[in-house]
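Here is the structure we will look at, set down as structure tokens.
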Amino acid sequence: MGEKEVNNSRKNVQMEEKNKRPRINLPALRGFISQFPGKFQRHLKSRFKRPTETEGSNREMFRLKDAKVSLEKQMQAWRKNPVWDDDQPPSIEVAVPKGSLCQLNVKTNVGLPPDAIYNIVIDPDNRRVFKNIKEVLSRKVLLDEGSRQIVDLEQAAIWRFLWWSGTISVHVLVDQNREDYSMKFKQIKPGFMKRFEGSWKVEPILLDEKLCHPFKPKTLSEYMSCTQCNGRIASKVTLQQLVEPAIVPPPPISWYLRGITSRTVEMLINDLVEEAARIKGVSGTDLVTTNQNLDQVLTDEIQTLDIKERWALRRRKSRRNM
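Heads up: the sequence shown begins at 1 in the UniProt record's numbering, then just goes up one per residue.
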């Protein structure tokens with residue numbers, strides 16, 4: 001009898017505890033589970049996709065960079081007002097790291113939008129623009145992700161310095177990315193050159209920002225809007241290049257080779273500026289230095305050692321031909 005009473009009391013206690021426990025509302029639980037994915041997704045969007053002021057500006061610039069109509073609008077602004085007399089010569093800094101011939105850091109402003117400049121730089125047929133490219137020996141696209149490509153490129157390049165000239169084969173791996181208007185190149189196989197590498201970078205310059213006063217545009221779309229599509233966008237072009245031959249010769253030979261490299265890069269920038277003028281129709285084909293008169297131009301510049309004087313000389317000759 002005693003055992004039965006104990007068992008009954010235990011059952012009663014268990015029943016009371018069970019009745020005290022909160023009951024699960026199954027319909028409410030089903031509703032919560034069904035709504036959870038949507039709520040969780042909205043939470044993620046608000047948490048991770050809410051742009052800051054800077055991020056919003058970058059995203060807007062990114063959309064404009066990839067829209068062809070945006071480039072056409074920018075070109076229309078240049079066609080309306082193609083003259084931009086930027087007399088500043090390119091800035092060329094030459095450093096000599098240990099074990100290398102030279103490291104060049106070139107900066108210049110060019111009167112075309114970044115998209116247009118980038119089109120020139122990565123054009124497979126840009127030897128028509130850059131006269132130091134004699135021939136494209138081979139070109140193979142190894143990776144194509146739309147805005148980014150990796151290219152295996154081999155070219156025959158022309159070099160000139162004072163009375164000497166010649167050609168050299170350059171075989172590089174090119175990583176070009178339109179998202180940030182960058183291009184990196186690096187020599188594939190060492191030969192005469194132990195290291196040959198560098199990069200291009202193009203950034204926008206808002207030339208007519210004063211038309212937006214007192215409003216200060218934070219994106220390219222705001223700039224085009226506040227200038228009523230009359231605002232011109234130029235480009236800040238940066239070229240960095242490291243040259244390290246297999247054997248670094250002693251002076252004065254190393255001085256001559258350094259001069260060849262510096263002058264070749266300067267000619268490269270000059271060709272880019274002239275192509276920009278041709279595209280805008282500033283002076284037609286008269287401004288472009290052809291291969292026939294290139295030697296004459298270089299001859300005139302032999303005694304002009306300062307880059308600012310050489311740049312002014314080219315400007316004067318260009319204006320005579322206009």
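All residues carry an ideal CB built from backbone N, CA and C; glycine is no exception.
Among 116, 104, 264, 89, nearest to residue 165 - alpha-carbon criterion:
264
Alpha-carbon spacing of residue 211 relative to residue 113, whole angstroms
18 angstroms
Could you tell me the alpha carbon to alpha carbon distance between residue 94 and residue 71, rounded to whole angstroms?
34 angstroms
Could you tell me the distance, in whole angstroms, from the CA atom of residue 232 to the CA atom of residue 207?
6 angstroms
What residues are listed by DSSP as bridge partners for residue 244?
195
Mark residue 200 as exposed unless 16 or more other C-beta atoms lie within 10 angstroms of its C-beta, in which case mark it buried.
buried
Which residue marks the beginning of the alpha helix (DSSP H) containing residue 272, and which one marks its end?
253 to 280
Is there contact between the stretch 256 to 273 and the stretch 217 to 235, where contact requires at least three CB pairs shorter than 8 angstroms?
no
Are the CB atoms of residue 155 and residue 173 within a distance shorter than 9 angstroms?
no
Please give me, in chain order, every unbroken run of the alpha helix (DSSP H) with length at least 4 that falls completely inside the UniProt domain "DUF220" (165 to 236).
220 to 226
Identify whether residue 159 lies in helix, strand or coil by the three-state DSSP scheme.
strand
With DSSP collapsed to three states, give me the class of residue 153.
strand
Segments assigned beta strand (DSSP E), at least 3 residues, entirely inside the stretch 68 to 109:
91 to 95
For residue 130 and residue 168, which I take to be in contact (beta-carbon distance under 8 angstroms), what is that distance rounded to the nearest angstrom?
With 8 angstroms as the limit, residue 130 and residue 168 do not qualify as a contact, their Cβ atoms being about 14 angstroms apart.
Three-state secondary structure (DSSP) at residue 125?
coil
Expressed to the nearest angstrom, what Euclidean distance is found between the alpha-carbon atoms of residue 214 and residue 222?
13 angstroms
Would you mind stating whether residue 242 and residue 117 have Cβ atoms separated by less than 9 angstroms?
no
What is the rounded straight-line gap between the Cα of residue 189 and the Cα of residue 73?
43 angstroms
If you measure between the beta carbons of residue 101 and residue 245, is that distance less than 9 angstroms?
yes
Distance, residue 276 Cα to residue 196 Cα:
27 angstroms
How many angstroms separate the CA atom of residue 153 from the CA atom of residue 262?
22 angstroms
Could you pull out every residue in the same chain whose Cβ sits closer than 6 angstroms to the Cβ of residue 253, ignoring the five residues on either side in sequence?
none
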